[in-house]
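Scroll down for the structure; my scribbles are underneath it.
In our numbering, the protein residues as written are 2 to 446.
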């Protein structure tokens with residue numbers, strides 16, 4: 002279990018990672034309008050949105066990996082030599098789950114990512130090539146292929162993060178993020194255009210493999226060796242969650258990734274570029290705000306495994322308040338700068354109008370609340386959000402299609418806002434139900 006010092010280290014490492022995003026995110030957001038044409042900007046963000054179909058390979062698997070690992074590791078601890086010791090049953094189950102995860106990951110990557118490469122190429126080819134003077138074919142093939150290796154790294158990091166290694170994994174993610182950002186900036190400055198995305202993905206994946214192996218080599222060898230002798234049948238427990246997570250994650254993909262491709266298809270690359278960079282900005286703010294919850298996610302899983310409900314709720318409530326306050330402070334700061342500097346920087350002409358940015362900010366603020374509670378609920382190794390996720394996806398999809406066809410791009414996120422408002426009410430109701438169950442479990446009326 003984390004002690005106070007370890008908790009502070011986890012928080013510091015998580016915030017360090019997010020603070021790098023605070024620095025690198027705005028720099029990249031400024032570099033993109035400076036070194037890419039409006040047309041290239043549109044393809045840039047459409048690339049990242051279409052490549053995000055890697056959600057179809059994940060389907061919540063990385064979250065399950067973190068949860069299951071954390072529930073087993075609650076009874077284990079690292080030795081000085083990098084191996085793990087503790088309760089033999091839980092160690093054996095953890096090793097078996099590690100092998101199960103590797104096999105599942107290998108199958109899904111081989112099936113999903115070729116579809117992403119081919120399907121994305123076809124989608125990008127549908128937009129009036131004779132009117133577009135952008136070299137995108139080879140950059141897309143390279144970028145979409147290499148994202149498979151980025152995805153593998155990310156999933157493995159989720160496993161080790163579940164093993165009570167939040168601080169260490171956040172430091173690794175920070176280093177990978179630095180490599181990604183700097184390589185992307187260098188690519189933009191040297192005017193290689195969309196190849197900058199491909200360059201950053203290649204370097205990030207190679208560095209990710211290296212740093213994961215160098216930090217967890219003894220642990221990986223221990224788990225792999227142990228898993229050869231005996232195996233635990235994870236499928237019954239895993240299968241009850243994966244289909245629910247698949248529906249929720251698939252619905253979430255529609256919510257967060259459909260905007261840029263839709264605008265690209267209906268209104269062209271230039272408008273898609275404005276939508277993409279606006280989403281990127283608020284996504285960065287959201288990631289910074291939610292870091293308070295991310296830092297304690299393995300701890301929440303462990304507290305649930307140990308049935309420590311009062312401590313669980315105190316930990317969660319404290320982190321939730323910090324997350325919301327961080328998002329509000331970031332939004333207030335942006336709109337003040339936007340009001341004062343709008344006519345002085347090209348960046349503000351490459352994003353949505355203030356009213357569009359306000360609607361998008363409000364939706365993301367609600368998402369901080371929604372996804373924080375979702376993390377709390379899923380830490381119980383359950384997925385109670387399937388129906389809500391599907392209904393929300395329908396609200397956002399229909400609302401977005403209506404807005405993109407009937408209104409200008411500044412109002413495209415009204416459907417997203419309506420869905421987020423619905424989600425907020427739904428998850429709060431489910432949260433109250435879970436806490437009632439905790440009270441009944443403790444025998445308190």
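We treat Cβ as the ideally placed atom computed from N, Cα and C, and that holds for glycine.
The beta-carbon distance between residue 45 and residue 37, rounded to whole angstroms, is 6 Å. This is short enough to meet the 8 Å contact definition. Collapsing the DSSP output to three states places residue 61 in coil. In this structure, residue 235 lies near residue 97, with their beta-carbon atoms less than 8 Å apart. By the Cβ-count criterion, residue 225 is exposed, with fewer than 16 other Cβ atoms from all chains shown falling within 10 Å of its own Cβ. Under the rule that a run must span 3 or more residues, the beta strand (DSSP E) segments found entirely inside the stretch 51-131 read 77-79, 85-87. As summarised for the stretch 228-297, there are no continuous beta strand (DSSP E) elements at least 3 residues long confined to that stretch. The C-alpha of residue 327 lies about 48 Å from the C-alpha of residue 230. Cβ-Cβ separation between residue 278 and residue 42: approximately 7 Å, consistent with a contact (criterion under 8 Å). Residue 357 sits close to residue 412, with the two beta carbons spaced by under 8 Å. Between residue 317 and residue 363, the gap from beta carbon to beta carbon reaches 8 Å or more.
Rounded to the nearest whole angstrom, the CA to CA distance from residue 367 to residue 248 is 21 Å. Remark: C-beta atoms of residue 303 and residue 71 approach each other more closely than 8 Å. If you draw a straight line from the Cα of residue 207 to the Cα of residue 162, it is about 20 Å long.
The Cβ atoms of residue 102 and residue 121 lie no closer than 8 Å to each other.
In this structure, the straight-line span from the alpha carbon of residue 410 to that of residue 346 is close to 21 Å.
Boundaries cannot be given for residue 351, as no alpha helix (DSSP H) includes it and DSSP labels it neither H nor E. Rounded to the nearest angstrom, the Cβ distance from residue 115 to residue 199 is 17 Å, too far for a contact under 8 Å. By the beta-carbon neighbour count (other beta carbons within 10 angstroms, threshold 16), residue 137 is buried. Straight-line spacing of the CA atoms in residue 184 and residue 171 works out to 20 Å. If you draw a straight line from the Cα of residue 333 to the Cα of residue 242, it is about 39 Å long. Excluding sequence positions up to five before and after residue 213, its CB lies within less than 8 Å of the CB of 154, 157, 158, 161, 173, all in the same chain and listed in chain order. Shown here, residue 166 sits in coil according to DSSP, grouped into three states, outside any helix or strand.
The Cβ neighbour count for residue 28, taken over all protein chains shown within 10 Å, is under 16; the residue is labelled exposed. Counted as a single uninterrupted DSSP element, the alpha helix (DSSP H) harbouring residue 316 occupies residues 310-342.
It is roughly 10 Å from the alpha-carbon of residue 286 to the alpha-carbon of residue 329. Around the beta-carbon of residue 298, 16 or more other beta-carbon atoms lie within 10 Å, marking it buried. A contact between stretches requires three or more CB pairs, one per stretch, nearer than 8 Å, and the stretch 48-68 meets this requirement with the stretch 256-268. Counting every other CB atom within 10 Å of its CB across the protein chains shown gives residue 108 a total below 16, marking it as exposed. Counted as a single uninterrupted DSSP element, the stretch harbouring residue 195 is not any alpha helix (DSSP H), since DSSP gives it neither H nor E.
A Cβ-Cβ distance of about 6 Å is found for the pair residue 378 and residue 435, placing them in contact under the 8 Å criterion. For residue 432, the CB contacts under 8 Å within the same chain, skipping 5 residues up- and downstream, are 374, 377, 378 in chain order. Nearest C-alpha to residue 245 among 62, 87, 123, 69: 62. Distance check between residue 426 and each of 182, 192, 371, 31 places 371 closest, using alpha-carbon atoms only. Pairing residue 204 with residue 180 gives a Cβ-Cβ distance under 8 Å.
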